[in-house]
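Okay, so here's the structure we're looking at.
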Amino acid sequence: MASISHVITTATNPHLNLYHLTQTRSSTLRLSHSNSRRILNNTRVFAEHANSTSTSAIDFNDPDWKIKFQQDFESRFRLPHITDIFPDSPPIPSTFCLKMRTPIGKDIPGHYSLDEEWHGYINNNDRVLLKTINYSSPKSAGAECIDPNCTWVEQWVHRAGPREKIYYKPEEVKAAIVTCGGLCPGLNDVIRQIVITLEIYGVKKIVGIPFGYRGFSDKELIEVPLSRKVVQNIHLSGGSLLGVSRGGPGVNDIVDSLEERGINMLFVLGGNGTHAGANAIHSECCKRRLKVSVIGVPKTIDNDILLMDKTFGFDTAVEEAQRAINSAYIEAHSAYHGIGVVKLMGRSSGFIAMQASLSSGQVDVCLIPEVPFNSHGPHGILRHLQYLLEMKGSAVVCVAEGAGQNLLQNTNAKDASGNIVFGDIGVYIQQETKKYFKEIGVHADVKYIDPTYMIRACRANASDGILCTVLGQNAVHGAFAGYSGITVGLCNTHYAYFPIPEVISHPRLVDPNSRMWHRCLTSTGQPDFI
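First residue of the sequence shown: 1, per the UniProt record's numbering; consecutive thereafter.
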């Protein structure tokens with residue numbers, strides 16, 4: 001059995017998702033989405049919401065293509081529910097009511113009070129609009145079009161929040177939380193809020209699985225009992241109370257462990273790979289006919305999850321990255337012909353580098369994975385750095401870790417999560433800059449800063465703290481509502497639920513034609529380096 005780190009190729013396959021199989025309507029409409037862009041009639045068309053597992057294109061000559069697209073969209077974004085496997089599972093009145101604060105007690109088993117006057121529940125038919133800009137032309141900056149004419153098509157996703165009816169009795173729930181991948185600001189905030197919300201529902205049995213998916217198989221790792229008392233102040237520190245790790249056992253072993261432990265709610269905090277694992281766990285639970293809700297909470301400091309405004313930890317990362325940029329600026333500005341190089345996180349997506357450069361106002365060159373560049377030559381970075389030293393006496397370069405990998409030697413090595421181990425583009429730029437200026441006989445004082453691990457270990461700032469709190473609450477609401485194989489995220493400033501396969505087909509990328517990247521270029525004043 002493949003380890004959990006290698007399930008992404010199978011977990012994104014809809015044929016593994018039994019919930020999805022029971023509901024998918026037959027349709028000839030499908031979008032190809034190999035890299036989030038497609039050329040249709042020589043027109044660039046974006047379709048981030050497309051189904052990555054499909055191969056045939058839309059027939060825009062069909063007068064009903066718009067209706068078929070919306071039907072297909074609704075089918076793909078339908079939320080898997082336990083009633084798909086257990087159609088006779090009865091709903092019960094929710095135990096979550098902020099006007100009824102009395103905890104569920106042993107003296108009233110199976111009885112749930114409901115305050116009919118409280119109107120704080122989300123209707124199952126509530127929706128959030130996925131896209132809000134009506135582009136009039138595919139040539140508009142940042143245009144995300146479905147057809148060559150940029151026809152407006154409404155796309156609605158499910159609103160997150162507490163439901164009036166739930167599908168689990170709190171006294172029968174054993175909930176588990178697991179944090180996977182690398183560290184990220186806000187992990188403890190999410191753990192804390194999941195525990196607090198579970199207790200408000202009346203859940204007594206809450207545990208943490210230590211050190212990611214590894215904790216399901218390593219006999220030396222014991223589950224951690226969690227309660228409000230345990231998690232009360234953990235958000236005041238960075239890191240994860242439960243620990244993190246990459247990779248882990250196979251899906252069957254994890255589901256075996258869930259059965260043995262009696263866990264029927266699993267909250268998984270992680271990025272694309274972790275969510276692929278969560279979806280595989282969900283599918284295996286369906287296959288075994290287990291009443292288990294698997295809920296994801298997207299954790300990626302790179303902000304590279306599809307369809308979401310942002311993921312937790314990103315705002316903190318941008319804020320902390322500015323400190324590194326400011327240090328590089330001071331070093332460069334204080335030296336004769338000083339050049340500061342800062343490498344930031346961003347394997348496939350350059351959101352941190354872009355927004356940190358834009359917010360700091362001290363960066364002269366911003367390099368991201370989505371925009372190719374040359375280091376040498378008349379239009380290369382080094383020639384531009386020479387120009388900057390001549391014009392202003394110093395320069396600051398901000399580069400994302402995944403940028404310029406074509407300039408480095410490929411090692412073909414992979415980490416425990418199956419990610420390609422990148423070469424160090426920051427060190428490369430530092431060394432090539434020193435070499436270049438030495439060859440042309442110009443003095444250059446080059447300083448290199450890599451704040452990666454300092455940023456990852458930070459405590460979440462206020463903005464991320466709020467985001468983590470709401471994500472944690474809505475994850476619990478989704479589980480009690482009976483959903484599984486879903487994740488929760490911020491969509492156009494509102495919180496929504498998404499089927500996991502729709503957000504993990506590929507990383508979200510910076511669009512080089514977007515207004516935000518144009519704003520960054522306006523701030524840095526850099527030219528094209530091709």
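Note that the Cβ used here is the ideal one computed from N, Cα and C, for glycine as well. Quick caveat, the model's predicted, so the values are computed rather than measured.
Taking the beta strand (DSSP E) that residue i falls in, what are its first and last residues?
| i | result |
| --- | --- |
| GLY489 | 486-491 |
| GLY270 | 265-270 |
Using only alpha-carbon positions, find the residue among the options that is nearest to residue i.
| i | options | result |
| --- | --- | --- |
| MET391 | LEU408, HIS333, SER293, ARG347 | HIS333 |
| SER394 | SER348, ALA481, ASP62, VAL341 | VAL341 |
| ALA176 | ASP88, VAL268, PRO138, TRP156 | VAL268 |
| CYS491 | ALA481, VAL503, PHE480 | VAL503 |
| ARG78 | SER257, ILE500, ASN513 | ILE500 |
| ASN124 | TRP152, ASN149, SER94, PRO162 | PRO162 |
| ASP424 | LYS435, TYR436, GLU439, THR452 | THR452 |
| VAL397 | ILE429, PRO378, VAL207 | ILE429 |
| LYS447 | ILE455, ASN461, GLY441, LYS434 | LYS434 |
| CYS481 | VAL297, GLN70, TYR121 | Here residue 481 is Ala; the residue named in the question, Cys, does not match the sequence. For ALA481, the nearest C-alpha among the options comes from TYR121. |
| ASP415 | GLY485, GLY182, TRP152 | GLY182 |
| THR300 | GLY350, GLY338, LYS204 | GLY350 |
| LEU471 | PRO185, ILE194, PRO170, ILE166 | ILE194 |
| HIS506 | THR95, PRO90, LEU307 | LEU307 |
| SER375 | GLU432, ILE305, ARG289, MET354 | GLU432 |
| VAL264 | ASN233, VAL476, THR524 | Checking the displayed sequence, the identity of residue 264 turns out to be Asn instead of Val. Of ASN233, VAL476, THR524, the residue nearest in Cα terms is VAL476. |
| ARG459 | GLN386, HIS119, SER240 | SER240 |
| ILE368 | TYR135, ARG347, PHE437 | ARG347 |
| ARG246 | LYS219, SER357, ARG214 | ARG214 |
| ILE455 | CYS285, CYS145, CYS184, ASN419 | CYS184 |
| ALA335 | ALA324, ASP256, ASP445 | ASP445 |
| ILE133 | TYR495, CYS150, ARG127, ILE82 | CYS150 |
| GLY202 | ILE82, THR95, CYS520, ARG228 | THR95 |
| PRO90 | PRO63, VAL399, TYR167 | TYR167 |
| MET354 | SER523, PRO170, ASN61 | SER523 |
| LEU187 | ILE196, PHE312, ALA141, GLN473 | PHE312 |
| GLY262 | GLY489, GLY418, ILE206 | ILE206 |
| LYS165 | GLU220, VAL230, PRO93 | PRO93 |
| LEU526 | LYS204, ASP450, LEU385 | Just to set this straight, residue 526 is Gln in the shown sequence, not Leu. Measuring from the Cα of GLN526, the nearest candidate turns out to be LEU385. |
| PHE529 | ARG515, ASN474, ALA403, THR493 | ALA403 |
| GLU144 | ILE254, ARG159, LEU521, ARG515 | ARG515 |
| TYR436 | LEU129, ARG383, ARG127, PHE498 | ARG383 |
| VAL363 | SER137, HIS81, LEU521 | LEU521 |
| GLN70 | ASN410, VAL178, GLN155 | GLN155 |
In the DSSP assignment, what are the bridge partners of residue i?
| i | result |
| --- | --- |
| ARG159 | ALA496 |
| residue 531 | There is no way to answer for residue 531, as the model of the chain reaches only from 1 to 530. |
| LYS447 | GLY340 |
| LYS299 | PHE312 |
| SER75 | Answer is none; SER75 lacks a bridge partner. |
| ILE325 | DSSP output for ILE325 lists no bridge partner at all. |
| ILE92 | ILE166 |
| SER293 | MET265 |
| ILE58 | Looking at the DSSP assignment, ILE58 forms no beta bridge with any residue, so it has no partner. |
| ILE440 | According to DSSP, which records beta bridges pairwise, ILE440 is partnered with nothing at all. |
| ILE122 | None; ILE122 has no bridge partner. |
| ILE133 | For ILE133, which the question treats as bridged, DSSP gives no partner whatsoever. |
| ILE420 | LYS414 |
Span of the alpha helix (DSSP H) holding residue i?
| i | result |
| --- | --- |
| residue 613 | No information on residue 613 is available, as it lies outside the stretch 1 to 530 that the chain covers here. |
| CYS458 | Per DSSP, CYS458 belongs to no alpha helix (DSSP H) and is neither H nor E. |
| PHE351 | 351-360 |
| THR151 | Here THR151 belongs to no alpha helix (DSSP H), and DSSP marks it neither H nor E. |
| MET345 | Where MET345 is concerned, there is no enclosing alpha helix (DSSP H), given that its DSSP letter is neither H nor E. |
| ARG515 | 515-524 |
How many whole angstroms separate the CB atoms of residue i and residue j, which I take to be in contact at a CB cut-off of 8 Å?
| i | j | result |
| --- | --- | --- |
| VAL157 | GLU370 | So it is not a contact: roughly 25 Å between Cβ atoms. |
| CYS180 | VAL244 | 6 Å |
| ALA457 | GLY238 | 5 Å |
| HIS235 | GLY465 | 7 Å |
| LEU226 | GLY208 | 5 Å |
| VAL294 | LEU266 | 5 Å |
| ARG289 | ILE58 | Incorrect: roughly 36 Å between the Cβ atoms, too far for contact. |
| ALA496 | ARG76 | The Cβ separation is near 14 Å, so there is no contact. |
| ILE352 | MET345 | 5 Å |
| GLY273 | GLY418 | 7 Å |
Is any beta-carbon of chain D found at less than 8 Å from that of residue i?
| i | result |
| --- | --- |
| VAL476 | Note that chain D does not occur in the displayed structure, where there is just one protein chain. |
Only counting runs of 4 or more residues, tell me where the alpha helix (DSSP H) segments fall wholly within the region 364-414, in order along the chain.
381-392
Run through the region 163-244 for me and flag every whole alpha helix (DSSP H) of 4 or more residues, listed as ranges in chain order.
187-201, 228-231
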